[in-house]
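Numbering (my numbering), first residue to last: 46 to 203. Note that the Cβ used here is the ideal one computed from N, Cα and C, for glycine as well.
Pasting the structure below:
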């Protein structure tokens with residue numbers, strides 16, 4: 046799990062780098078720049094799924110943020126995953142821009158996941174309550190990435 050979290054941090058650094066490169070020339074994202082950014086976000090989602098799967102007993106599990114009406118059933122099949130479910134009615138970014146969203150993810154949400162994991166892993170034993178808390182943080186991060194990815198792909202963000 047620690048290595049997965051390290052890779053997740055590195056992936057977010059790549060998202061930041063990719064976004065910076067995309068805006069260098071004219072301040073907007075274009076075709077291949079969007080594709081690169083989406084590819085890095087997909088990598089982040091893969092790592093979150095991998096992390097969640099480490100603490101699950103089945104190849105099928107649920108990710109949810111009930112307060113926002115978001116619920117996905119994740120199916121793991123070897124090295125692939127697929128999700129079915131609902132993202133809820135509210136699918137807009139809380140931040141006004143991708144840059145604000147990215148700052149929030151890298152300065153608030155991701156550090157919160159890292160801090161929490163550090164706290165619960167100190168004794169080497171994960172209680173069901175601790176794992177539920179970690180799952181909740183990872184699920185919120187995952188859904189946020191899914192929504193921003195959708196907005197980048199559709200051209201709403203850029």
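C-alpha distance - residue i paired with residue j, whole-angstrom precision
i, j, result
"residue 105", "residue 185", "18 Å"
"residue 92", "residue 86", "10 Å"
"residue 7", "residue 182", "Only positions 46 to 203 of the chain appear in this structure, which leaves residue 7 out of reach."
"residue 195", "residue 47", "28 Å"
"residue 177", "residue 111", "14 Å"
"residue 201", "residue 116", "23 Å"
"residue 179", "residue 62", "27 Å"
"residue 76", "residue 175", "41 Å"
Three-way DSSP call (helix, strand, coil) for residue i in this model
i, result
"residue 74", "coil"
"residue 57", "helix"
"residue 187", "helix"
"residue 200", "coil"
"residue 80", "helix"
Cβ shell of residue i (< 8 Å), same chain only, five flanking positions each side left out
i, result
"residue 11", "No statement about residue 11 is possible, as the shown extent of the chain runs from 46 to 203 and does not include it."
"residue 197", "74, 79, 82, 83, 86, 143 and 203"
Own chain residues within Cβ distance below 6 Å of residue i, not counting five before or after
i, result
"residue 132", "115"
Cβ-based neighbour list, residue i, same chain, cut-off 7 Å, excluding 5 preceding and 5 following
i, result
"residue 130", "116, 117 and 118"
**Study point:** Contact between the segment 50-62 and the segment 151-166 (3+ Cβ pairs under 8 Å)
**Key:** yes
**Study point:** Within the segment 91-169, ranges of the beta strand (DSSP E) (whole runs, at least 3 residues)
**Key:** 105-110, 115-122 and 125-131
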